[in-house]
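Sequence lines, in order, name chains A and B. Counting in numbering that gives the first Met the number 0, the first sequence runs from 0 upward without gaps. Counting in numbering that gives the first Met the number 0, the second sequence runs from 0 upward without gaps. By construction, the Cβ of each residue, glycine as well, lies at the ideal position given by its N, Cα and C atoms. Predicted model, so just to flag it, every value in this text is computed and none were measured. Structure first, then comments.
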Amino acid sequence: MIVSKKIVLHFPVRLVDRSIVYHLIKDYDLELNIMKASIIPDAEGLMVIEVRGEQTNYDKGVKYLTETGVRIQSLAQNVMRNDDKCTHCGACVTVCPTKAFKLDLETRLISFDASKCIACGLCLKACPPRAMELHF
Amino acid sequence: MSKTIEEINKKIKKGEAVVVNAEEIIEIAREKGIKKAARDVDVVTTGTFGPMCSSGAYFNIGHSNPRIKLGGGKAYLNDVNAYAGFAATDLLIGANALPDDDPRNKIYPGEFNYGGGHVIEDLVAGKDIRLSVTAYGTDCYPRKKLETLINIKDLNEAVLFNPRNAYQNYNAAINMSSKVIYTYMGILKPNMGNINFSTSGQLSPLLNDPYYRTIGIGTKIFLGGGIGYVAWNGTQHNPSAPRNEKGVPTRGSGTLALIGDLKQMNSYWLRGTSMMGYGATLTVGVGIPIPILSEEILEYTTVTDADIVAPVVDYSSDYPNMVSNTLAEVSYADLKSGKVEIDGKQVPTASLSSYSRAIIIADTLKDWIKNGRFLLTEPAELIPGIESGLNTKPMNERPIPD
Ligand code: SF4
Ligand code: SF4
C-alpha cells in the first residue's frame, strides 16, 4: 500500500552534511518532496518533507532515519472535509482505516467524524471530488 | 388506462400534474395498487449523480484578429489537451483529457488532480480558462499562436455532449488479487477487501424504463443542473443484455447520449473528478422524467433496489483480460446496506455515485414540472430496444499487413 506522510526531521549537528535524504530516495525507493529546509552549518538541521512510497519502504526508511540519529516528528495535521465539495458519494467509507466515515442508511448522507481520524491521509486522494483537505 | 404526453402537458401547464419521484412511487403503488396509481400519477422523476467518463463539451470561441485556424493545430485549456479537429474556432474537450505534462501513472498510482472534467466544471462555474493554441497558418487564417483567457459568457455556443451516460445497471467491482488496485471503480483493496458500485438503483433513469418505452431521441431531461435532451442512444448501448423476470437487466445494458446548453448548467451538478490511479473524469447529474402513459409503464417505475441485481466482477484479472465471469450476483438493496456476503466473507461496500444527490435531482425535476417550468417532449424516435437485436461487440483486432 502506498502511503504519503508529512514529517519533520531534526538532524543533529553531526548529521547535517550527510546525504541522508539521498539514501531515503535511493535505498528505500521513497519519493520526497521537501517542503521546508533550514540547514545551518554547525547547528541542528530541520526539514519538513512529504514522503511517499510503499508502507513497508516507508517503515524501513523511518527505521533507518531513527538509527542514524535523526529525530522524526509527525507534523501536526488536521484532515477536514470541505462540505461544499463533498458529494456524499461514499467512496471514502471503505478506504478509511479508522471508520471515520459513516453512511446514514436513512438519508444516504456520509458523516465524517474528525475525532476518529488519525490523519493517515488515505482519503485525501481517494475522494473523487477531492473534498478531504489537509490543514496545518 | 392510457394517457398521452399531450394530455400530461396540458395538466402541467395548468399546474395540476401529479409528479412524484421514483422512490415515492414505490410506496404509492403499494398502497393504491398499480391501476389506481397509474391513473393518479402523471410523471415519475428519476435521477443519478455519478462519474461518467464518456462526457465532454464543445464550444465556439469566436474569431480572433487576425484570424487563427484551430483545426489541425493544437489547443490547450488550462494546459489540458483539447481536440482541435473541427474548423477554425470550434473546440472539443473530453472529461478524461489531461495536461501533456501530467505524470499520469508514472508515479503510481497517479493522482489526476486536474483534467478535462475539471476544465468543464471551471468553465461552467464562470471561471476564466487559459486557452493556448498553436496553428500552422494559412492565407486566410495567418495567425500561428494564440494565448488568451476565455470565459463561458463570451463563447458563441457552449454545449455539453456526452456520448455515453446513465448506464442502465453496472458491475459491482471487487479485487481478488493480493495487492491494492486503482480502477475507474475506485480503490479496490486486496483479497475482496471491498466492493464498489455506481448507480442510483431504483432512482436510476433507465432502470425505471427498462424497455425504453418512453425515453428516446429528443426526450427533455435535467442535465448538469440545466435542461438537456437525449441525443441518441449511448455508445455501447446493449439492450440485449440478460434480464430478470421484471425486465430489469442483470448486466450493464442500455446507455444514453445526452446533449444540452452548457451555459445554463451549474457546476454543482458537473463536478471534475479524480479517480486515483485511473484518471480525471466528470461527475454528471442527470434526471429523466417518465410519463405514466400506461399501467405497464407505471409498473416499471415501481422497481426497487431489491429487484435490481448487479454482477460482482473481479477487476484485478477478469475485467482487464476480458474474461466474462460473474463471481456473484447481489441486489442493490444489499449493496446499499454497507456490506454483502461473498463466499462466506462479509465484504464492505461503497458507492461512487451519490444517492442523496440523485434524490435532489429527481425532486428538482419534480418541482420544475409541478411549477409548469418544464414540459415533457414526445421523443422523435425511441432508443433501440430488445427487438433491435443490438449488442455490444468486443474489438475485432486484426494485424495490419506490412
Ligand atoms: S469520497 Fe469525498 S465526496 Fe465522497 S462522501 Fe467521501 S468525502 Fe464526500
Ligand atoms: S485521513 Fe485517514 S483516518 Fe483520517 S479520515 Fe482520512 S482515511 Fe480516515
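(1) Residues of chain A with a CB under 9 Å from the CB of R270/B: which are they?
(2) Could you tell me which chain B residues have their CB closer than 8 Å to the CB of E53/A, listed as they occur along the chain?
(3) What is the DSSP secondary structure of Y57/B, reduced to helix, strand or coil?
(4) Indicate whether A94/B and C52/B have their beta-carbon atoms separated by less than 9 Å.
(5) So if I threshold CB-CB distances at 8 Å, which residues from the stretch 99-118 of chain B count as touching chain A?
(6) Residues bridged to R242/B by DSSP?
(7) Please compile the residues from chain A whose C-beta is within a distance smaller than 8 Å of the C-beta of G225/B.
(8) I'd like to know if I186/B contacts chain A, where contact means its C-beta is closer than 9 Å to some C-beta of that chain.
(9) Suppose you measure from the CA of T301/B to the CA of Q167/B; what does that come to, to the nearest Å?
(10) How would you write the range of the alpha helix (DSSP H) that R356/B sits in, first residue to last?
(11) Between V18/B and the rest of its own chain, which residues show a CB-CB distance below 6 Å, the 5 nearest in sequence each way excluded?
(12) Is it right to say V322/B is buried, meaning 16 or more other beta carbons lie within 10 angstroms of its own, or is it exposed?
(13) Inspect the CB distances between the stretch 25-41 of chain B and the stretch 343-359 of chain B and report whether three or more fall short of 8 Å.
(14) Per DSSP, S1/B is paired with what?
(15) Among N8/B, I7/B, N390/B, which has the Cα closest to the Cα of Q235/B?
(16) When you compare only the Cα positions, how much space is there between N104/B and Q345/B?
(17) Please find out if some non-hydrogen atom of ligand 1 comes closer than 8 Å to the beta-carbon of P108/B.
(18) For the candidate residues P238/B, A305/B, Y113/B, I128/B, whose alpha-carbon lies nearest to that of A279/B?
(19) In the stretch 94-105 of chain A, which residues sit with their C-beta less than 8 Å from some C-beta in chain B, listed in chain order?
(20) Taking all protein chains shown into account, decide if H62/B is buried (16 or more other Cβ within 10 angstroms of its Cβ) or exposed.
(21) I want to see whether chain A comes within less than 9 Å of K392/B, judged by CB atoms only; does it?
(22) Could you check if G120/A belongs to the surroundings of ligand 2, using beta carbon to heavy atom distance under 8 Å?
(23) Does R356/B come within less than 9 Å of chain A when only Cβ atoms are used?
(24) Does DSSP put Q235/B in a helix, a strand or coil?
(25) Which chain A residues sit within Cβ distance under 9 Å of P248/B?
(26) Hey, L205/B and Y211/B: beta-carbon distance below 9 Å or not?
(27) Quick check: the stretch 65-78 of chain B against the stretch 172-179 of chain B, are at least 3 beta-carbon pairs closer than 8 Å?
(28) Measuring CA to CA, which of K124/A, V7/A, C122/A, P11/A is closest to T67/A?
(29) Look up L381/B in the DSSP assignment and give the residues it is bridged to.
(30) Which class does R129/A belong to by DSSP, given the choice of helix, strand or coil?
(31) Short check: CB of A96/B to CB of S293/B, under 9 Å?
The relevant details are as follows:
(1) Here residue 270/B is taken as the residue at index 271 of the second sequence, counted from 1. Listed along chain A are K84, T86, P127, P128, each with a C-beta nearer than 9 Å to that of R270/B.
(2) Taking the first sequence and counting its residues from 1, one reaches residue 53/A at position 54. For E53/A, no chain B residue has a C-beta closer than 8 Å to its own C-beta; the minimum C-beta separation is roughly 10 Å.
(3) Residue numbering aside, residue 57/B sits at position 58 when the second sequence is read from its first letter. In the three-state reduction of the DSSP assignment, Y57/B falls in the strand class, which pools E and B.
(4) Taking the first residue of the second sequence as position 1, residue 94/B is located at position 95. Taking the first residue of the second sequence as position 1, residue 52/B is located at position 53. Between A94/B and C52/B, the C-beta gap is smaller than 9 Å, which places the two residues in contact.
(5) Correct list: I106, Y107, P108, E110, N112.
(6) Numbered from 1 along the second sequence, position 243 holds the residue referred to as residue 242/B. Answer by DSSP bridge pairing, in chain order: P248/B.
(7) Walking along the second sequence from the start, residue 225/B turns up at place 226. Residues of chain A with a Cβ closer than 8 Å to the Cβ of G225/B do not exist, since the nearest Cβ in that chain sits about 18 Å away.
(8) Here the question's residue 186/B lines up with position 187 in the second sequence. At least one chain A Cβ lies under 9 Å of I186/B.
(9) Taking the first residue of the second sequence as 1, we reach residue 301/B at position 302. Taking the first residue of the second sequence as 1, we reach residue 167/B at position 168. If you take the alpha carbons of T301/B and Q167/B, they lie about 16 Å apart.
(10) One-based indexing of the second sequence puts residue 356/B at position 357. Unbroken alpha helix (DSSP H) run through R356/B: 354-369.
(11) Within the second sequence, the letter at position 19 stands for residue 18/B. The answer, listed in chain order, is V42, K365, I368, K369.
(12) Locating residue 322/B in the second sequence gives position 323, counting from the first residue. Per the 10 Å Cβ criterion, exposed.
(13) Contact fails between the stretch 25-41 of chain B and the stretch 343-359 of chain B, because fewer than three Cβ pairs, one in each stretch, are under 8 Å apart.
(14) Within the second sequence, residue 1/B is the residue found at index 2, counting from 1. The partner list for S1/B (beta bridge, DSSP) reads S293/B.
(15) Here the question's residue 235/B lines up with position 236 in the second sequence. The candidate whose alpha carbon is nearest that of Q235/B is N390/B.
(16) Position 105 of the second sequence, counting from 1, holds the residue named residue 104/B. Position 346 of the second sequence, counting from 1, holds the residue named residue 345/B. Cα to Cα, N104/B sits roughly 32 Å from Q345/B.
(17) For the purposes of this step, residue 108/B is taken as the residue at position 109 of the second sequence. Not under cutoff, so the answer is no.
(18) In the second sequence, residue 279/B corresponds to position 280, counting from 1. For A279/B, the closest alpha carbon among the candidates P238/B, A305/B, Y113/B, I128/B is that of Y113/B.
(19) Cβ contacts with chain B: V94, L102, L104.
(20) Within the second sequence, the letter at position 63 stands for residue 62/B. Around the CB of H62/B, fewer than 16 other CB atoms lie within 10 Å, so the residue is classed as exposed.
(21) Here residue 392/B corresponds to residue number 393 of the second sequence, with the count starting at 1. With 9 Å as the cut-off, K392/B does not count as an interface residue toward chain A.
(22) In the first sequence, the residue the question calls residue 120/A occupies position 121. G120/A Cβ: within cutoff of ligand 2.
(23) For the purposes of this step, residue 356/B is taken as residue 357 along the second sequence, with counting starting at 1. Judged by the 9 Å Cβ criterion, R356/B is in contact with chain A.
(24) Along the second sequence, read from residue 1 onward, the residue named residue 235/B stands at position 236. In this structure, Q235/B counts as coil in the three-state DSSP scheme.
(25) Counted from its first residue, the second sequence places residue 248/B at position 249. Here the premise fails: no neighbours, minimum Cβ distance about 23 Å.
(26) Numbered from 1 along the second sequence, position 206 holds the residue referred to as residue 205/B. Numbered from 1 along the second sequence, position 212 holds the residue referred to as residue 211/B. Yes, the Cβ-Cβ distance between L205/B and Y211/B is below 9 Å.
(27) Verdict: no, contact absent.
(28) Working through the first sequence from its first residue, we reach residue 67/A at position 68. P11/A is the residue among K124/A, V7/A, C122/A, P11/A whose C-alpha sits nearest the C-alpha of T67/A.
(29) For the purposes of this step, residue 381/B is identified with residue 382 of the second sequence, where counting begins at 1. Listed as beta-bridge partners of L381/B by DSSP are G215/B.
(30) As a position in the first sequence, residue 129/A is number 130, starting the count at 1. Correct three-state label for R129/A: coil.
(31) By one-based count along the second sequence, residue 96/B stands at place 97. By one-based count along the second sequence, residue 293/B stands at place 294. No. Outside cutoff.
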